[in-house]
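Some notes on the structure that comes next.
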Amino acid sequence: MLDRKWLPLNALRAFEAVAKKASFTAGAHSLSVTQSAISRHVSSLEDLLGKKLFERRPSGLVLTDAGQKLLPVVERSFDRIEKTMNELKQESAKGARVLRIHMPPTFLQRLGMQLLHEFRVEFPDINIDVSSTYGNGMPSRDIDVAVIYDKPRISDAIMDVLWMERVTPVCSPDMAAKYKDCPLDQLLADNELLHVRIDGQPNNHLWSQFSKHARIDLDTSRGVTFDTLALAVQYASRGYGIVLCDIDMYADDIDAGLLGIPAETEIKDGFGYFLVLNAEDLEDPLISLFRNWIITRFSAVDRRSLSSMRAGTPAMRRDAVGDPVQVVDV
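Anchor point for the sequence shown: position 195 equals 195 in UniProt numbering, and the numbering is continuous, going up by one each time.
What follows is the structure, encoded as structure tokens:
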């Protein structure tokens, strides 16, 4: 059995470089060494393991089964070493640790700003680097912890649910008042449908789900599509259309009369907001601290008053006539 004091680090670096470039020449160039040197390293690693790591085919260099098994482990290990050493170097230069956090744009705008401010007030010695990108799922950018918009899924990452969204049609208060005594299908037929882009789903996904469960015959292919819910809601608030909105995210705007709810039905669409991090990062005290802090923050808030996080006052969720809203699981 191999002992860590005998781990061939240079050979592992050579293997990773060749695997990433699918070429001995390109791999050698990326490490600024000769091709013969990198070939010797890979050969010595194959001899040590007793398995071939690459196959030469007419289409090019490909990993064997053993190579495919080894590569992600090597990449993650070197990534962690590189990350930690850079953090230590950064701490030495700046005297403070930087926590890299990703949040979706609407989440960041509605809740994240307040949450980050509260975290900084409580932990002023921890600097924060915030990124935000469109789309659902994990960002490609190198981060420590991410809030993502997605469906529950099985993966190697740690996923903590913050809340599962519920959506209902939302429009301007004037539009809601105008159609107060009209059937919902007439309101939807007369006005623009607003969509929010979800990776891996057609643009009309949410409206198709809603019309199915509301039993409304609706042409969901028409309308305007936005990258974020915040943009779609802003468009709807001006009286330009109707959007299916996360009612918990916008509870304070609804209660303040800035948005109207013309329907008494909302659906659970299976999407929600999750805190995601790599399992090995649980050993990082800073990442573990932030994880525990934000989970505790959400667990202490009633789901009907999520949006009050940014205002500091509780928000009550009611429909247009003050009665509880019917919830339908999709």
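Here a beta-carbon is modelled for each residue, glycine too, at the ideal position from N, C-alpha and C. All of these numbers come straight from a predicted model, not from anything done at the bench.
task: Sort Leu88, Val62, Val98, His205 by Cα distance to Pro124 and report the nearest one.
output: It is Val98 whose Cα lies nearest to the Cα of Pro124.
message: Judging by CA-CA distance, which residue of Val243, Lys89, Trp6, Asp199 is the nearest neighbour of Leu48?
response: Put simply, of Val243, Lys89, Trp6, Asp199 the residue whose alpha carbon is nearest the alpha carbon of Leu48 is Trp6.
message: Rounding to the nearest angstrom, what Cα-Cα distance links His18 and Ile101 in this structure?
response: Looking at the sequence shown, residue 18 is not His but Val. Note on geometry: alpha-carbon atoms of Val18 and Ile101 lie some 31 Å from one another.
query: In whole angstroms, what is the alpha-carbon distance linking Lys21 and Ser132?
result: Between Lys21 and Ser132, the alpha-carbon positions lie close to 29 Å from each other.
- request: Run the CB neighbour count on Pro104, radius 10 Å, all protein chains shown included, and call it buried at 16 or more, exposed below.
  value: With a 10 Å radius around the Cβ and a threshold of 16 neighbouring Cβ atoms, Pro104 comes out buried.
field: DSSP-derived helix/strand/coil call for Thr225
entry: Strand, per DSSP.
- request: Classify Ser307 as buried or exposed, calling it buried when 16 or more other Cβ atoms lie within 10 Å of its own Cβ.
  value: Because the pLDDT at Ser307 is just 46, under 50, the model does not fix this residue reliably, and the point stays unresolved.
message: Could you pull the DSSP bridge partners for Glu55 from this structure?
response: DSSP lists Val62 as partners of Glu55.
- request: Could you say if the segment 278-287 and the segment 240-254 meet the contact criterion of at least three C-beta pairs nearer than 8 Å?
  value: With a cut-off of 8 Å, the segment 240-254 and the segment 278-287 do not count as touching, because too few Cβ pairs lie within range.
message: Taking its Cβ as the centre, do 16 or more other Cβ atoms sit within 10 Å of Arg110, making it buried, or is it exposed?
response: By the neighbour-count rule (16 or more Cβ atoms within 10 Å), Arg110 is buried.
query: Taking C-alpha atoms, which residue in Tyr179, Leu108, Lys178, Thr225 lies nearest to Ile148?
result: Here the closest residue by C-alpha is Leu108.
field: Whether Asp246 touches Glu165 by CB criterion (7 Å)
entry: Here Asp246 is near Glu165, since their CB atoms are less than 7 Å apart.
message: Determine whether the beta carbon atoms of Asn191 and Thr225 lie at a separation below 7 Å.
response: Cβ distance not < 7 Å, so Asn191 and Thr225 don't count as in contact.
Nearest-angstrom Cα separation, counted from Ile38 out to Gly50: The alpha-carbon atoms of Gly50 and Ile38 are separated by roughly 18 Å.
- prompt: For the putative contact between Met260 and Ala177, defined by C-beta atoms under 8 Å, what is the C-beta separation to the nearest angstrom?
  reply: The question names Met, but residue 260 is Gly in the sequence shown. At roughly 7 Å, the Cβ-Cβ gap stays under 8 Å, so Gly260 and Ala177 are in contact.
- request: Pull up the CB-CB distance for Asp217 and Asp185, whole angstroms please, since I reckon it's below 8 Å.
  value: Confirmed, Cβ separation roughly 7 Å.
Nearest to Ala236 (by Cα), restricted to the options Pro262, Phe274, Ile287: Closest option to Ala236, Cα to Cα, is Pro262.
query: Does the distance from the CB of Phe15 to the CB of Val42 come in under 7 Å?
result: For the 7 Å CB-CB criterion, Phe15 and Val42 form a contact.
message: Quick check: the Cα distance between Ala230 and Tyr134, rounded to an integer number of angstroms?
response: In a straight line, the C-alpha of Ala230 is about 12 Å away from that of Tyr134.
message: As a quick exercise: from Glu82, Thr265, Asp181, Pro58, pick the residue whose alpha carbon is nearest that of Arg215.
response: Considering only alpha carbons, the answer is Thr265.
query: So which of Arg80, Leu31, Leu12, Val73 has the shortest CA-CA distance to Glu283?
result: Nearest to Glu283 by alpha-carbon distance, out of Arg80, Leu31, Leu12, Val73, is Arg80.
message: Please state the DSSP three-state secondary structure of Thr220.
response: In the three-state DSSP reduction, Thr220 falls in the coil class, being neither helix nor strand.
query: Is it right to say Met175 is buried, meaning 16 or more other beta carbons lie within 10 angstroms of its own, or is it exposed?
result: Looking at its Cβ environment, which holds 16 or more other Cβ atoms inside 10 Å, Met175 is buried.
query: Quick one: Cα of Arg303 to Cα of Val196, how far?
result: Bear in mind that a pLDDT of 49 at Arg303, under 50, signals an unreliable position, so the number given afterwards is only what the model happens to contain. So the two alpha carbons sit approximately 22 Å from each other.
- prompt: Is the beta carbon of Val145 less than 7 Å from the beta carbon of Ile287?
  reply: Taking 7 Å as the Cβ cut-off, Val145 and Ile287 qualify as a contacting pair.
- request: Count the other CB atoms, across all protein chains shown, that sit within 10 Å of the CB of Ala28; report buried if there are 16 or more and exposed otherwise.
  value: Around the C-beta of Ala28, 16 or more other C-beta atoms lie within 10 Å, and the residue is accordingly described as buried.
message: Buried or exposed, going by whether 16 or more other CB atoms sit within 10 Å of the CB of Cys182?
response: Per the 10 Å Cβ criterion, exposed.
message: Between which residues of its own chain and Asp3 is the CB-CB distance below 7 Å, once the five residues before and five after are set aside?
response: No residues qualify anywhere along the chain.
message: On a Cα-Cα basis, can you pick out the residue from Arg13, Lys69, Val62 that is closest to Ser44?
response: The residue with the shortest Cα to Cα distance from Ser44 is Arg13.
- prompt: Any idea what DSSP makes of Pro173, helix, strand or coil?
  reply: In this structure, Pro173 counts as helix in the three-state DSSP scheme.
- prompt: Using CA coordinates, which residue listed in Ser59, Gly60, Arg57, Lys52 is at the minimum distance from Gln68?
  reply: It is Lys52.
- prompt: For Val42, which three-state DSSP category applies?
  reply: Three-state result, Val42: helix.
query: Using DSSP with H/G/I as helix, E/B as strand and the rest coil, what is Tyr235?
result: Here Tyr235 sits in helix by DSSP.
field: Thr265 - containing beta strand (DSSP E), residue span
entry: Counting along the chain, the beta strand (DSSP E) containing Thr265 begins and ends at 265-278.
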